[in-house]
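Structure record follows, encoded as structure tokens.
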Amino acid sequence: MTEKNYTHHAQWSYSAVLYEMNIRQLTPEGTLRAAEKKLDFLREMGIDAIWLMPIYPIGEQGRKGSLGSYYSIRDYKAVNSEFGTMEDFDSFVAKAHSLGMKVLLDWVANHTSRDAKWLHAKPADWYEREADGTAKVPWDWTDTAKLNYSNHDVWRGQIDAMRFWIEQHAVDGFRCDMAMLVPIEFWQQATEVLRAIKPDIFMLAEAEQQNLFDRAFDMCYAWEIHHLMCDIARGERRVWDLRNKLYANRENYPASAMRMMFTSNHDENSWSGSEFYRFGDAREVMTALSFVWEGAMPLIYTGQEVGYDHSFAFFDRDHIPAELYQPNDDTELYRRLIALKHSEAALQAGELGGRMIEIENNAKDCMMTFVREVGDSRVVAIMNLSPYTIHANYNNGIYAGEYTNALTGEKVLLPLHLEQDIEPWGYTLLYK
Numbered sequence: 196m197t198e199k200n201y202t203h204h205a206q207w208s209y210s211a212v213l214y215e216m217n218i219r220q221l222t223p224e225g226t227l228r229a230a231e232k233k234l235d236f237l238r239e240m241g242i243d244a245i246w247l248m249p250i251y252p253i254g255e256q257g258r259k260g261s262l263g264s265y266y267s268i269r270d271y272k273a274v275n276s277e278f279g280t281m282e283d284f285d286s287f288v289a290k291a292h293s294l295g296m297k298v299l300l301d302w303v304a305n306h307t308s309r310d311a312k313w314l315h316a317k318p319a320d321w322y323e324r325e326a327d328g329t330a331k332v333p334w335d336w337t338d339t340a341k342l343n344y345s346n347h348d349v350w351r352g353q354i355d356a357m358r359f360w361i362e363q364h365a366v367d368g369f370r371c372d373m374a375m376l377v378p379i380e381f382w383q384q385a386t387e388v389l390r391a392i393k394p395d396i397f398m399l400a401e402a403e404q405q406n407l408f409d410r411a412f413d414m415c416y417a418w419e420i421h422h423l424m425c426d427i428a429r430g431e432r433r434v435w436d437l438r439n440k441l442y443a444n445r446e447n448y449p450a451s452a453m454r455m456m457f458t459s460n461h462d463e464n465s466w467s468g469s470e471f472y473r474f475g476d477a478r479e480v481m482t483a484l485s486f487v488w489e490g491a492m493p494l495i496y497t498g499q500e501v502g503y504d505h506s507f508a509f510f511d512r513d514h515i516p517a518e519l520y521q522p523n524d525d526t527e528l529y530r531r532l533i534a535l536k537h538s539e540a541a542l543q544a545g546e547l548g549g550r551m552i553e554i555e556n557n558a559k560d561c562m563m564t565f566v567r568e569v570g571d572s573r574v575v576a577i578m579n580l581s582p583y584t585i586h587a588n589y590n591n592g593i594y595a596g597e598y599t600n601a602l603t604g605e606k607v608l609l610p611l612h613l614e615q616d617i618e619p620w621g622y623t624l625l626y627k
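All letters in the sequence shown, in the order written, are residues 196 to 627 by the numbering used here.
Here is the structure:
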């Protein structure tokens, strides 16, 4: 595929781990001030960037649940009083920056609430309209109104609002909701304007169309890979489907394209259940896979950092109990995986990281054995992605030698010929 886009992302992003923060559910208070107090914990774990779910005032017309959807926005240039004030937001950003973390805002360009500021303040043709003049409802999102992107004044309004957060409130980028529903030309223009203001701005698309990387976005979701991982965990697909997707992606995306890998996010958690439910015994190995997959930046969603097994209510308060927000084995697993991501250049996202080089094994329908390597950095992954005990029997060839186990810190010898039983969903990550 021809490279059309810029090939260099913000330097901080190549080895970064992203955290999606659900302010409403993270703390008993559900405020920006309370969330700010969690930043030290997240930074100590190794988190590099915080993606905040939408912080803007939520519409009241057609509101769902008691508090409404984050994604039904009344005013693009204000803070939801549920979370606090603009001063609270600025304090949160300042604290994150002081710890060396970036802050991305969730941006909802496709629609507003049905009582949005723009509906009253802007001309009627800022919205797509029904025959009776009412604003159209996109899909079944009955609390929202569809913006009209054939009107370029809407483009300018959106870009002006995005500039507001960069120029006046120091945000570092945007996660763009349902990006494929908005013309790619809009995103190209927005990114050009924003990058002229802040060259290392980071743009993440909630979509995975190939044209997203044509001068618009740094990273997109890896939805298809995620769903394959879920299917494999349920025994509905086998590893060769995942392998085929790896090679298809190489054909379909530029080498510089970053992919966001995850075992959970706000959509999956609220509508499909927690990662404990969706992955079962495969949860840990799939988490590890999200850290070592080619070209990928891993995501951790609110609660995963402390192994909170719960599907959050989406439209109501349903916070993590304070007594359960304590470091535990899940915290330590993430800390070690993040440390590996940070230390090994081979695991960088985008064009700087190493490709997944397969080591041929004797159970390719169940196992992935591969190497990622750049310069002096090498990571070997041995993963049984099945509910069966596998008697592994294969040659490591030039990759045999002394390594360090990423999860235990022990020095180990990877033999030229490996023959051993690997337990269901068992895995080993080695580096040198």
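Even for Gly, the Cβ is constructed at its ideal location relative to N, Cα and C.
Check	Outcome
Touching by the beta-carbon criterion (3+ pairs, under 8 angstroms), the region 312-319 and the region 276-292	no
Residues of its chain near L423, where Cβ-Cβ distance is below 7 angstroms and the 5 sequence neighbours each way are ignored	R432, D436, L437 and K440
Top-ranked residue by Cα proximity to A374, from A391, Y344 and V388	Y344
Anticipated Cβ contact below 8 angstroms, T329 with T307, distance rounded	That pair is no contact at about 14 angstroms.
Proximity below 9 angstroms, CB of E555 to CB of Y583	no
Rounded straight-line distance, which links the Cα of D243 to that of F236	12 angstroms
Within 9 angstroms, strictly: CB atoms of M455 and A417	yes
C-alpha distance - V487 paired with N406, whole-angstrom precision	25 angstroms
One or two residues paired with I585 in a DSSP bridge	I617
Any 3 or more C-beta pairs closer than 8 angstroms across the region 557-569 and the region 600-608	no
Residue environment, Q363, which counts as buried when at least 16 other CB atoms sit within 10 Å	exposed
DSSP-derived helix/strand/coil call for G368	strand
Any alpha helix (DSSP H) of 4 or more consecutive residues that is wholly inside the region 436-502	461-467, 470-474 and 478-487
D513 versus F457 - alpha carbon distance	22 angstroms
Pairwise C-alpha distance: F471 and G502	9 angstroms
Opposing strand residues paired with L300 [DSSP bridges]	L247 and F369
Those residues which DSSP pairs with V212 across a bridge	None, per the DSSP bridge assignment.
Reduced DSSP category for L262 - H, G, I as helix; E, B as strand; rest coil	coil
Inter-residue CB distance, L294 and V366 (contact presumed, cutoff 8 angstroms)	Contact flag wrong, Cβ pair sits at about 15 angstroms.
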